[in-house]
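Worksheet: one structure, shown below.
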Amino acid sequence: GNDAADTGTENGENTEQTDAGDAQLQGEISIDGSSTVYPIMEAVAEEFMLEQPDVKVTVGLSGTGGGFEKFIAGETAMSNASRPIKEEEAAALKEAGIEYTEFQLANDGLSVVVPKDNDWVDQLTVDELKKIWLDNGTAKKWSDIREGWPEEEIKFYSPGTDSGTFDYFDEVILDGGQIDKAATLSEDDNVLVQGVTGDENAIGYFGYAYYLENKDSLKAVPIVNEEGNAVEPNAETIESGEYAPLSRPLFTYVSNAAIKDDAATAAYVQFTLENAATLAEDVGYVSLPEEKYDEQLSTLEGLK
Amino acid sequence: MRVMSFIGVLGLKGAIGLKTKNKELSPVHELLEKKYNGGFLNRREKIIPIILFFMAAVSVLTTLGIVLTLIFETFTFFGDVSIVEFFTATEWYPFSKTEAVYGIWPLVLGTLKITLIASLFAVPLGLAVALYLSEYAGARTRKIMKPILEVLAGVPTIVYGFFALTFVTPFLRGLFPSIELFNAISPGIVVGIMIIPTIVSLSEDALSSVPEPVRHGALAIGSTKWETASKVIFPAALSGILASIVLGISRAIGETMIVSIAAGSTPSAALNLTSSLQTMTSYIVQVTTGDAGFGTTIYYSIYAVGFTLFVFTLAMNVLAQFISKRFREEY
Amino acid sequence: MENVERIKSEEMINRIDSRLTKNKVVKGLFFTATLFTSIILIVLLYRIIVQGAPYLSWDFLQNFASRRPEQAGIKAAVVGTIWMMAVVVPTAAIFGVGSAIYLEEYAGKNALTRWIQMNISNLAGVPSVVFGLLGLTIFVRLFGFGNSILAAGFTMSLLVLPVIIVASQEAIRAVPNELKEASYGLGATKWQTISRVVIPYAVPGIATGSILAFSRAIGETAPLIVVGIPTFVAFLPSGVFDSFTALPMQIYNWTSRPQEEFHNLAAAGIIVLLVVLIMMNSVAVWIRNRYQSR
Amino acid sequence: MTLTAVKSKENNQAGQTENVLVYNTKDLNLWYGDHHALKNINLEINEREVTAIIGPSGCGKSTYIKTLNRMIDLVPGVKTNGSIEYRERDIFNKDFLVEELRTRVGMVFQKPNPFPKSIYENIAFGLKIHGIKNKQIINETVEKSLRGAALWEEVKDRIHEPAYGLSGGQQQRLCIARCLALEPDVILMDEPTSALDPVSTLKIEELIQELKQRYSIIIVTHNMQQAARISDRTAFFLNGEVVEYDVTDTIFNSPADSRTDDYISGRFG
Amino acid sequence: MTLTAVKSKENNQAGQTENVLVYNTKDLNLWYGDHHALKNINLEINEREVTAIIGPSGCGKSTYIKTLNRMIDLVPGVKTNGSIEYRERDIFNKDFLVEELRTRVGMVFQKPNPFPKSIYENIAFGLKIHGIKNKQIINETVEKSLRGAALWEEVKDRIHEPAYGLSGGQQQRLCIARCLALEPDVILMDEPTSALDPVSTLKIEELIQELKQRYSIIIVTHNMQQAARISDRTAFFLNGEVVEYDVTDTIFNSPADSRTDDYISGRFG
Ligand SMILES: Nc1ncnc2c1ncn2[C@@H]1O[C@H](COP(=O)(O)OP(=O)(O)OP(=O)(O)O)[C@@H](O)[C@H]1O
Ligand SMILES: Nc1ncnc2c1ncn2[C@@H]1O[C@H](COP(=O)(O)OP(=O)(O)OP(=O)(O)O)[C@@H](O)[C@H]1O
Ligand SMILES: [Mg+2]
Ligand SMILES: [Mg+2]
C-alpha cells in the first residue's frame, strides 16, 4: 500500500492536480481493445485508481476489432484502437445508437530494423522500402535494392496481417499492395525481434518500444522523410513529426453517453488526456504535442 | 464339546425366541414397521434421475450450442465467400486489400503438419514412458512421475510456445541451419511435449488396469517383461491407449498458443516443414486478438474456420471410436 | 516322441538369452524415453525458475499489475484464478459426476445413451478456442454475464466437463458390484445406494481423474482471450458477477511486452501458477487418501 | 456329523405340525433374455427353518434366491411370470415396494461384502438409510447385532476400525450382523461359506443353527454335507427345475428321484 | 473316497523305491519386509508325484509355491535365505534365469487367468514367445495341449473364439493347457479349484491324476479331502513352518504331530 502511495505522489510532480482528485467517485469503467494501446491504458488506469480507488477500471486486450465488437454491443465504455475506426464499425455503432468521440493518446513510431551487425543498410527511402517489401513474385536480394549491397536473399519479418501495425505499414508504404509473400509473419513483436536478431539478412518492422528494448542487438534504419532528411526514430523525432511517414497514431474511442451520464468515466477520460503524455512515454510510446491534448480536453468539456 | 455349546446356545436363544413371539418389539422394529405403514415411496427417487439426465444432457446441449454458435456466422461468411472457393482455393489470404482469397487448404495443411509431427513425437515417446512406468518402473518412480506429469499438463501453453521459440528452434537450427526461425518442426515437437502428459497418464491407467493375474499368467510361462508387456498387456489395454492417443491428438489439433508463437502466421500451402505456417486455431486467435474490423468478412471467417475445425475433430473422434471398438479385448 | 519334445524344450531354453537381450534393449529404450521426457520437462521448468525466481517476493503476490515491472504484482490474477476455479471445480464436478451417474446407473442401453456418450467423447477433442467462441456467444452475450467470473468459469467448466465425465464413469464402473448389492439387499433405494456407497467409493478415482482436467482449466489462455476477459484489473472481485483477470492472461500479457523485466515477471507468474496447481493437486491427493483409508 | 443330522430332523418333525409359510412360490418362470433359467418352480418355504438349495453349477440356485428379494431386478433383461408370495403378499405386485421386501428379507452373499467403512458404520448403515437417527438406538442395535452374529466379543474393542481389517470369516459374520440390525424376517444366503476357510465355515454354520431360532433362513450351497448338516429341508435344482424338495434327511438318504440320487452320490468335498 | 486314497497310497509305495527329486528345499527362510513368512523350510519333492500343501489361511502355502518358480520376485521387499534346488540347480543362482525356470516349471493360479485372446492364441502364446514360429508345430501343440487338459472335445469348434467366453472350469483347464504346451517338468497349482463348481473341480482332479503320469505336480489346497484324494504326499504348513510332511495316507490317518491331527480333525465338507 505505502509503496504505491509514494509513487503516486512522485508522479504527481509531473501531472497537474486535477479536480478528479478531490471528489471521491464510484463506479465501474470497462475498457477493451487494441493490445498496442493496452500498456498506455494500463498505466492510466493504475494511476487513476490511486486517486479514485472506488472506481473499478478494467482493461482488456481483445484487439482493435474485438474491442469495437464489445463497444458496439455496449459492453465497454471505451475502446482502444491502433487504427482509426472502420466504416463497418462506425455503421454498426450508428445502428446501435452509440455516439462516440475519438481521442488520440499518443504516437507509435514504427521502427524498421536490421540486425546490429548489418553494416550495409545506413538509410532507406520510402521507395526503397516499398521495393523491398512489395511482393513481386520472386525472391529479392539486397543487391536488387541498391548497388553494392550483398547478393544475399532478404528475409522479411512483419507483424501479422491482422494487426494495426501491419495495416498502417501496408497503407503508407505499400499503398495497400501485397506484402512480400515470403515474409514471416507473427502476431507477437517479441517473436519478430527474435527473428531479426537471429538472421543477418533480415529486415523487419515493429513498434518503437520493441526496438528501444533491443537496441543492443538491433539497428533502427533512418528513413528519408519528405524533406529529404534521413531520420532515426526517437522520442523527439516522432513527437515533432520529423520521423515520417512511419509514425502512427493510437486512439481511444469513448461513448459520449458514458461521459455525460457517468462522472467516473468523464473524470477518467479527463485524467487520461491530462496524463497520456507522460504515461505513454513511460511505456515506450511517444507523446503528442501539448496543444493536441489541450484541444482534446476542451472537446471533452463540451461533452460533459 | 461342540454339542455342549450347541445346547447352551439353544437354551439362550430359546429365551429370545419367546420374547419375539410375545411381540415385544425392539425400537428398530417399531420404527421400521412405522415406515412400512407410512410407505417407502420417496419423491426424491423419481426426481433425481431426471435431474441427472439433464446434467448429462448438458454435453449434448454444448455440442448443439457449438454448432449453433458457429453455423450462423458461418452462413454469413459464405454469403461473402463462395463455398467452392473455400474448399478448393489453395491460398488463404484474407487480409489482402486487393484480392482476398479464402482457401482453407493452407490452414488445414498447417494443422496437419503440426499434428503429424506432434503425434510422431509424442505417441511413441508417450507410450514408451507409459510402458516404462507401468511395466518396468518401481512403485516409487511411478508415484513421483505421475503427479509431475499432471502438473505439467497445467503449464500454460504460452510457456511451451516460448520454449519452442527460444530453446527448441535455436537448437534445431544449430543442427540443421536450413530450418527457418518459424517452422513446423519445433512447434510440432513442443506440441508433442505438451500432449505427452495426457498420453502417458491415460495410457498408464489403461495399462495398469489390466488385471495383475493376466500379467502373472504370462510371466509364469517364462515370458520376459517385454513379451508380457507387448504381447499381452498392450493389446489388452489397446482401447484405452487408443483413447488416450485420440485425446492427445485432438489436443494437438486444437493447440493454439504454441503454434501462434513458434510457427509464425503465414498460411502456406507448401509441403515443406522448415518454413513458417499457420494453423486453423492460430488463425482464430490471430483474428480474435487482432485489429480486424468487426462485421467484416474476416471477422466472420473465424467462425467458418472454427466450424471446419470442429468438423475435423469430430471426424477424427468418430473414426477413433470405430477403431477402438474393433480392437476392444475384454478382460 | 518323448525325446523329440525334450529337445524342443532345450531349444526354447537356449533362446532365452537373446530374448532377455531384447528385453534389456527395450527396457533401456523405454528408460531413455522416460529420462528424455523428464529432462525436457526439467529443462522447461529450470528455465522458468531461473528466470522467474528472483522476481518472486511478497510484494509480487501483494501488488496489482503495474506498468512498472518492479511494482507489478499478480494479486488480481491469483485471486481471479482462484475465484474462477471456485466456479469451475464445483460446476464441473457436479455436472461431471451427475452425468457419469446418469450414464452408468440410470441410462438404459439405448440410442439416446449412445448418442450422449458419443457427444462426450467428441467434446473432449474439441479445441479450446471453439469453447471460447461458445462461451462468448452463450454466457457473455446470451445470458448477459459479461466478462465476469461466472462467464469464464462456465466456459472452462464446459471445456473440462467431458474429461471429468469420462474419469468419473470409470471410477463409478470400478465400484464392486458386491457393494451395491449389499446396499440394495438392506432395502436401500437406488439413490441411497448411489449417494452412500457408490460415490464415496468412487471419490478417489474421480478426484484423481479430475486433476488433469482442472490443471488444464487453470492453464488455458485461448478461451479466456476469446471470451474477452480483461487483463488489467486492480481490484479484487467481490462476487461471481465481477470482472476479473486470471493468471494465464496476465502471463500472456507480460510475455508480449517489450521490456525484458516483464518477461521475467511472466516467468515468476508461471511459478505462481505452478504452485497453485500443485496445491490443488495436493488437495486431490489428500481427498484420495482420506477416502481410501476408510 | 450324524448327530446334527438327526437333530435337525427332529426339529423338523416338530415344526411340521404347525408350519407357517414365509414364502410360497407358484409356477415361477424366469428368463434371462431368451435363456429360460427357472422353469415352473413351486416351493413352499417354512418359517423358522433352514431351507437349503443345492444343485450343480448353473442350475439356477442363485437366480432363484435373488428372485426372492427381487435383487434379480438389477439384472437387465430379466422376465418372470408366475408368483412368489411372501407372507401372503405377492412380491411382484407393484404396491409391495422392493425396499420394504428387502428390509424384511436380509441377504448374505457368497463373498463377504462389507462396506469400506468402520465396523460400526457397516451396521449403522441400514438403520440410517431407513431414517433411524437416534444415536442410542443405533448404538444398542450395533451391539445387539454383533452379538447376534457371534462377533461382538472379537471386535468390541475396535468397532470404529475399518471393516476391511477383519478376516474373511469375521467379515462374513459382519455381513450377517448387518442383516440382523434390521430385524429381518427371512435371511437369504448365497453360498455364504464358499470363500471361507474351514474354521470360519464352522463358525458360520453354528451361527446359522442359532439364528434359526428367530429367523427363517434360505441357504444356497454347493456343499452337500453342509446342507445335510444344517438344513431342515432341501430343494434340489437341476437345469432350472426343482427336481425334488423334501425334508433334508429324505433327500440325502432316500431321494425319490434318481437324478437326486445321482447328484448326491457323485458328491465330494 | 476310500478307494482313491488307497490307490494313491499304492502309487506312492511303488514310487518310493526309486525316488528322483525335482525340488529340494533346504533351510528356506523368507521375509516380507519384517514379516517372517517362511521359517526354515526343508522339503524334498519327488518326480511324478502329486505333492499337496495344506494348512490354514496365511500359513505361507502360496508364498512357498510362488518361491518355487520365483514368481515371488514380483513382490517388492521380499528377502530369502537358504536354498531351493530344482533338479540339483540352485534356483536363486543368478546363472539360472527365471525365464528358464518358469518355462520348465508351469503354474496354475487360484483364479483362472487366461489372456484376453482367443483360445488358440492363449496356448500358442508360450510357443511364440519362445521363438517357435512353425505353424504346423504350433497347431499340433495346441491340439495336443488341449487334449492333455481334457478340453479339446469341448472347444475344438471354437478355438479362435475369445477365451473369456469359456466357463470358469473350462478357463482353468485352458490355463493348464497353456502350461502343458511348453512341456514343463513340474506344474505348480495354487488352489486351482477353489473358484470352481464341483463338476469342474471333479474334472480337474481327474486331470491331475492323469497328468501325474508325465509331470510332477505340487498343489496347494484348502480342501483336505481333495488333498487326501489326489495327492501322494502332503505337507502341512502352519505359521510359515512345515509341521509335518509325509505320505498322504499317514498325514490323514496317523499324523505324527498333534497339531496336524487337530487341523485335520477340524475338517469337514
Ligand atoms: N445375468 C445373466 N444373464 C444371462 N444369463 C445368466 C445371468 N446370470 C445367470 N445366467 C444363467 O442362468 C443360469 C442359472 O444361473 P445361476 O447363477 O442362477 O446358477 P447357480 O445355480 O447359482 O450356479 P453356481 O452354482 O455356479 O452359482 C446359468 O445358465 C447362467 O449362465
Ligand atoms: N505381498 C505381501 N506382503 C506382505 N505380507 C504378505 C504378502 N503376501 C502374503 N503376506 C503374508 O504372508 C503370510 C503368508 O501368506 P500366504 O499368501 O503365503 O498364505 P496362504 O497360506 O497362501 O494363505 P491362503 O490360504 O489364505 O491363500 C500371511 O501372513 C500374509 O499376510
Ligand atoms: Mg450361484
Ligand atoms: Mg494362498
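Residue numbers (my numbering), protein chains in the order written: chain A, 893 to 1196; chain B, 5 to 335; chain C, 4 to 297; chain D, 19 to 287; chain E, 19 to 287.
Where is the CB? At the ideal position from N, CA and C, for every residue including glycine.
Residue i CB to nearest heavy atom of ligand 3 below 8 Å
i, result
"residue 57(D)", "no"
Per DSSP, the bridge partner or partners of residue i
i, result
"residue 61(D)", "43(D)"
"residue 205(E)", "124(E), 235(E)"
"residue 72(E)", "254(E)"
"residue 108(D)", "103(D)"
"residue 1142(A)", "998(A)"
"residue 53(D)", "50(D)"
"residue 263(D)", "253(D)"
"residue 153(D)", "Answer is none; residue 153(D) lacks a bridge partner."
"residue 1071(A)", "1026(A)"
Own chain residues within Cβ distance below 7 Å of residue i, not counting five before or after
i, result
"residue 202(B)", "157, 248, 251, 252, 255"
"residue 1196(A)", "1151, 1152, 1158"
"residue 139(C)", "229, 230, 231"
Cβ neighbours of residue i in the same chain (closer than 6 Å, five flanking residues each side left out)
i, result
"residue 325(B)", "none"
"residue 133(E)", "140"
Proximity test, residue i beta-carbon vs ligand 1 heavy atom, cut-off 8 Å
i, result
"residue 10(E)", "There is simply no residue 10(E) to check, as chain E begins at 19 and stops at 287 in what is shown."
"residue 255(D)", "yes"
"residue 91(D)", "no"
"residue 33(B)", "no"
"residue 258(D)", "yes"
"residue 289(D)", "This structure leaves residue 289(D) out entirely; chain D is present only between 19 and 287."
"residue 178(D)", "no"
beta-carbon residue i near ligand 4 non-hydrogen atom, thresh 8 Å
i, result
"residue 208(E)", "yes"
"residue 238(E)", "yes"
"residue 128(E)", "yes"
Selection from the options that minimises the alpha carbon distance to residue i
i, options, result
"residue 309(B)", "57(B), 69(B), 111(B)", "111(B)"
"residue 84(B)", "143(B), 98(B), 182(B)", "98(B)"
"residue 300(B)", "1015(A), 945(A), 961(A), 1112(A)", "961(A)"
"residue 56(B)", "102(C), 36(C), 218(C)", "102(C)"
"residue 53(E)", "72(E), 98(E), 89(E), 65(E)", "98(E)"
"residue 45(E)", "144(E), 161(E), 258(E)", "258(E)"
"residue 166(D)", "192(D), 114(D), 146(D), 256(D)", "192(D)"
"residue 105(E)", "87(E), 282(E), 220(E), 95(E)", "87(E)"
Residues of its chain near residue i, where Cβ-Cβ distance is below 8 Å and the 5 sequence neighbours each way are ignored
i, result
"residue 202(D)", "121, 122, 123, 124, 233"
"residue 293(C)", "none"
Near-chain H residues of the segment 24-40 of chain C - C-beta to any C-beta below 9 Å
Looking at the structure shown, chain H is missing, and the protein chains on hand are A, B, C, D and E.
Environment of ligand 2 in chain order, Cβ to heavy atom below 5 Å
50(E), 55(E), 75(E), 76(E), 77(E), 78(E), 79(E), 80(E), 81(E), 93(E)
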